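Counting in numbering that gives the first Met the number 0, the sequence shown runs from 0 upward without gaps. Built from N, CA and C at the ideal position, the CB exists for glycine as well. None of these values were measured; they are calculated from a predicted model. First up is the structure itself, then whatever we jot down about it.
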Amino acid sequence: MYRNIHVACSGLNKLQLFNGTVKNILIGGCVSQIRLRSNKHYKPEFKKLRSQKVIKVTLPDYNEEKRDTENYNPEILRTRYKEKGVQPVRPWIEHTTFINNTGSIIEPYVPPEGDGKVSPLSTAGAKQKIELLKKKRETWQAIRKIRQNEEEFELYPDFITKAQDVYIKAHTAMINKDKKNLLEYVTERAYIEMIHNIDRKTLRWSFIKSIEPPRVVHARVTDIITSDNLFAQLTVRFHTQQVLYYIILSHIIQNIYIMALCINLFN
0 MYRNIHVACS GLNKLQLFNG TVKNILIGGC VSQIRLRSNK HYKPEFKKLR
50 SQKVIKVTLP DYNEEKRDTE NYNPEILRTR YKEKGVQPVR PWIEHTTFIN
100 NTGSIIEPYV PPEGDGKVSP LSTAGAKQKI ELLKKKRETW QAIRKIRQNE
150 EEFELYPDFI TKAQDVYIKA HTAMINKDKK NLLEYVTERA YIEMIHNIDR
200 KTLRWSFIKS IEPPRVVHAR VTDIITSDNL FAQLTVRFHT QQVLYYIILS
250 HIIQNIYIMA LCINLFN
């Protein structure tokens with residue numbers, strides 16, 4: 000449907016006569032009608048619904064963001080984010096990471112076969128002594144490295160007494176199911192292994208005496224992430240007598256036994 004009419008004219012020219020008057024003379028005048036297609040829809044009753052189909056999108060100005068990066072001002076950025084209704088981004092702050100143990104045993108200590116039973120005067124006992132002497136070199140090197148970083152460190156009697164005290168208190172807390180107090184004596188790895196499946200068990204444990212004095216049989220030192228971040232592992236051998244009561248199907252069973260125990264302490 001053609002509804003608009005366009006009128007075109009070439010223009011007017013001014014002519015000055017001899018008497019000084021000026022007249023406008025139409026030169027090359029041309030009047031024509033041009034029909035143009037209208038933009039109006041043929042159904043005006045749905046005008047509002049048709050307008051809702053179109054959404055005006057504000058395109059980002061990348062040059063403006065580049066200027067903000069060069070001339071950083073927190074107040075200007077905060078105002079601009081507030082105008083757009085965007086929550087301002089928090090500055091990234093890295094949290095410190097604390098590593099208090101290795102999470103695994105550096106080099107597991109394997110006790111010799113028949114430890115605590117074989118006499119050192121026998122052939123098997125003599126072979127075990129020779130093998131232990133070969134492994135003692137790395138142990139004493141690790142202990143010397145610990146003393147270089149901890150000047151007040153002494154194996155006997157300070158560390159041995161503390162190790163036995165930690166062993167007794169840790170097992171007492173485990174039997175009492177005191178999980179909060181247990182973390183003060185053991186590492187996270189040992190904590191998971193000690194509390195595993197003890198909630199539904201009734202245990203009674205007591206320490207009687209030490210048959211042999213405790214001694215350090217294995218020592219290793221390793222570094223984590225950096226060379227100055229050192230971790231030491233000391234394996235202490237206990238030859239003790241203990242009493243253990245546990246309940247199975249409402250029957251109390253008593254075990255009195257002598258055993259050799261090893262505990263890993265991470266400094």
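Original post:
Under 9 Å, do Q163 and I207 count as touching if we go by C-beta distance?
Top reply: In this structure, I207 does not lie closer than 9 Å to Q163 by Cβ.
ask   = By Cβ distance, which residues of its chain are closer than 7 Å to R146, with the 5 residues on each side in sequence left out?
value = For R146, where only same-chain residues beyond five positions count, the Cβ hits under 7 Å are F152.
The alpha helix (DSSP H) spanning H94 covers which residue range? In this chain, H94 is not harboured by any alpha helix (DSSP H), its DSSP state being neither H nor E.
> For Y166, does the count of other Cβ atoms within 10 angstroms reach 16, so buried, or fall short, so exposed?
Replying inline: Taking every protein chain shown into account, the CB of Y166 has 16 or more other CB atoms within 10 angstroms, so this residue is buried.
#### Entry: Distance between K42 and M0 (C-alpha atoms, nearest Å)
The predicted model places M0 with a pLDDT of 46, which falls under 50 and marks its position as unreliable; any figure quoted below should be read in that light. Computed Cα separation, rounded: 13 Å.
message = Tell me the residue span of the alpha helix (DSSP H) that contains I191.
response = Here the alpha helix (DSSP H) through I191 covers 187–194.
Practice task
Could you tell me which residues DSSP pairs with W204 in its beta bridges?
Solution key: According to DSSP, W204 bridges with L243.
Check your understanding: In whole angstroms, what separates the C-alpha of Q51 from that of F45?
Key -> In this model, Q51 and F45 are separated by some 10 Å (Cα to Cα).
By the three-class DSSP mapping on this structure, what secondary structure does E151 have? E151 falls in the coil class under three-state DSSP.
Identify every residue that forms a DSSP beta bridge with R199. R199 pairs with nothing; no bridge assigned.
Query raised in the report: Between L233 and F158, is the Cβ-Cβ spacing less than 9 Å?
Result: Yes, these two residues count as a Cβ contact at 9 Å.
*Would you give the residue range spanned by the alpha helix (DSSP H) that Q163 belongs to?*
Here the alpha helix (DSSP H) through Q163 covers 159–174.
Query raised in the report: Going along the chain, which residues of its own chain have a beta-carbon closer than 8 Å to the beta-carbon of K133, five neighbours each way excluded?
Result: Taking K133 as the centre and dropping the five residues before and after it, the same chain places no C-beta closer than 8 Å to its C-beta.
### Task
Just the C-alpha distance for R66 and T225, rounded to the nearest angstrom, thanks.
Computed Cα separation, rounded: 40 Å.
Endpoints, the alpha helix (DSSP H) within which K47 is located: That run of the alpha helix (DSSP H) goes 46–50.
- Mind reading off the beta-carbon distance from I223 to R203? Whole number of angstroms is fine, and I expect it under 8 Å. Between I223 and R203 a beta carbon distance of about 39 Å is seen, past the 8 Å cut, so the two are scored as non-contacting.
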